[in-house]
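The next block holds one structure in the form of C-alpha cells; read it before the comments.
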Amino acid sequence: AQSVAQPEDQVNVAEGNPLTVKCTYSVSGNPYLFWYVQYPNRGLQFLLKYITGDNLVKGSYGFEAEFNKSQTSFHLKKPSALVSDSALYFCAVRDMSGAGSYQLTFGKGTKLSVIP
Amino acid sequence: GAGVSQSPRYKVAKRGQDVALRCDPISGHVSLFWYQQALGQGPEFLTYFQNEAQLDKSGLPSDRFFAERPEGSVSTLKIQRTQQEDSAVYLCASSLALAGATTDTQYFGPGTRLTVL
C-alpha cells in the first residue's frame with residue numbers, strides 16, 4: 085500500500101526567507117509525486133509533479149521540489165517566501181506499478197504561514 | 002468553464018436525509034474522481050469513472066454512498082440516510098486521459114462542504 089507522510093503540521097517562515105515543506109513517501113513500485121496547494125474554502129490547486137527525469141522539478145508560482153529516491157522524499161521549496169504563499173500544502177503519490185494506480189494518496193497537509 | 006465546478010458549495014443536512022452533490026468536470030476530460038476530505042486530513046479516494054463507466058468504487062465508505070456519470074460528463078455523488086460521520090468536504094477531480102495509462106494530472110474543483118446535524 086502507498087502512503088505519504090508530511091511530518092510538520094505547520095511551518096512558519098519570514099517573508100523573503102527560503103521555505104521548505106517536507107514530504108516522504110512509501111510505494112512498492114515507481115512513484116509519481118505531486119504537490120497541491122489549498123487556500124481557505126477552495127479546492128486543491130496543482131503546483132508541480134515528478135514523473136521521471138531530472139530530480140529537480142519546477143512548478144507554478146516559483147515553487148520547486150526535489151525528488152530523492154534514496155531518502156524517498158519529495159520536499160517542496162521556494163527561494164523567497166511571499167505572504168500570499170500562506171496556505172495548506174498537500175503532497176500526494178501515485179504508485180504506477182499496482183492496481184488502482186490512478187488513485188492519489190495524500191498526506192495530511194502542512195499549513196504554511198509566511199510572516200510579514 | 003475553465004475548471005472543475007461543483008455544486009452546491011455548502012450543504013447542511015439533517016441526519017437521515019439524502020443528499021446529492023454535483024460535479025462538472027473540465028470539458029473533454031475522460032477521467033473523473035471523487036475524494037472525501039475530513040477536517041484536518043488529506044483527501045481520500047472514493048471512486049473513479051472512465052467516461053460513463055465506474056471502474057473503481059473501492060473507496061466508498063458504505064452502501065449509502067452511490068455515484069454516477071450517465072453520459073460521461075457530469076457526475077453526481079449521492080449519500081442516502083446521511084449520518085454525522087459523513088460530514089466532510091467532497092472533492093471532485095478530472096483528468097484528460099485514461100488515468101491508469103498516463104501521467105495525467107488531476108484537477109480539482111472547489112469542493113462541497115457537507116455538514117450533517
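Chains as they are written, first to last, in our numbering: chain E, 85 to 200; chain S, 2 to 118.
Ideal placement from N, C-alpha and C gives every residue a C-beta, glycine not left out.
Endpoints, the beta strand (DSSP E) within which residue i is located
i: P115 of chain E; result: P115 to Q122
i: V95 of chain E; result: Q94 to A98
i: C107 of chain E; result: Per DSSP, C107 of chain E belongs to no beta strand (DSSP E) and is neither H nor E.
i: Y145 of chain E; result: First-last for Y145 of chain E: undefined, no H or E at that position.
i: Y49 of chain S; result: E45 to Q51
i: A171 of chain E; result: A171 to D179
i: K162 of chain E; result: S157 to K162
i: D57 of chain S; result: A54 to D57
i: A21 of chain S; result: V20 to D25
i: E69 of chain S; result: F66 to E69
i: T218 of chain E; result: This structure leaves residue 218 of chain E out entirely; chain E is present only between 85 and 200.
i: Q85 of chain S; result: That residue, Q85 of chain S, is in no beta strand (DSSP E); it is neither H nor E in DSSP.
i: T116 of chain S; result: T113 to V117
i: K12 of chain S; result: Y11 to A14
i: Y36 of chain S; result: S32 to Q38
i: Q7 of chain S; result: S6 to S8
i: K133 of chain E; result: L128 to Y134
i: L92 of chain S; result: A89 to S96
Where residue i falls, given that 16 or more other Cβ within 10 Å makes a residue buried
i: I199 of chain E; result: exposed
i: P163 of chain E; result: exposed
i: L118 of chain S; result: exposed
i: L40 of chain S; result: exposed
i: R79 of chain S; result: Looking at the sequence itself, residue 79 of chain S is Lys, so the reference to Arg does not match. K79 of chain S should be labelled exposed.
i: P26 of chain S; result: buried
i: T136 of chain E; result: exposed
i: S95 of chain S; result: buried
i: L132 of chain E; result: buried
i: R16 of chain S; result: exposed
i: L140 of chain E; result: exposed
Chain-ordered chain E contacts of residue i [CB-CB under 7 angstroms]
i: F50 of chain S; result: Residues of chain E passing the Cβ test: none, with the nearest at roughly 11 angstroms.
i: T106 of chain S; result: F130 and K133
Contacts that residue i makes with chain E (C-beta to C-beta distance below 9 angstroms)
i: T116 of chain S; result: None at all; the shortest Cβ gap to chain E is about 14 angstroms.
Neighbouring residues, chain E, relative to residue i (Cβ below 8 angstroms)
i: P111 of chain S; result: N125, R126 and G127
Chain S contact residues for residue i, given Cβ-Cβ distances below 9 angstroms
i: K192 of chain E; result: G41, Q42 and G43
Chain S contact residues for residue i, given Cβ-Cβ distances below 7 angstroms
i: Q274 of chain E; result: Shown here, chain E extends from 85 to 200; a query on residue 274 of chain E therefore has no answer.
i: F174 of chain E; result: G43
Residues sharing a beta bridge with residue i, DSSP
i: N152 of chain E; result: E:S157
i: S76 of chain S; result: S:C24
i: A89 of chain E; result: E:T108
i: Y186 of chain E; result: According to DSSP, Y186 of chain E bridges with nothing at all.
Taking Cβ-Cβ distances below 9 angstroms as the criterion, which residues of the stretch 18-45 of chain S are in contact with chain E?
S32, F34, Y36, Q38, G41, Q42, G43, P44 and E45
Please identify, using Cβ separations under 7 angstroms, the residues of the stretch 83-95 of chain S that lie next to chain E, in order along the chain.
L92
For the stretch 127-139 of chain E, which residues have a CB atom closer than 9 angstroms to at least one CB atom of chain S, in sequence order?
G127, L128, Q129, F130, K133, I135 and T136
Interface positions of the stretch 68-80 of chain S facing chain E (Cβ-Cβ less than 8 angstroms), listed along the chain:
none
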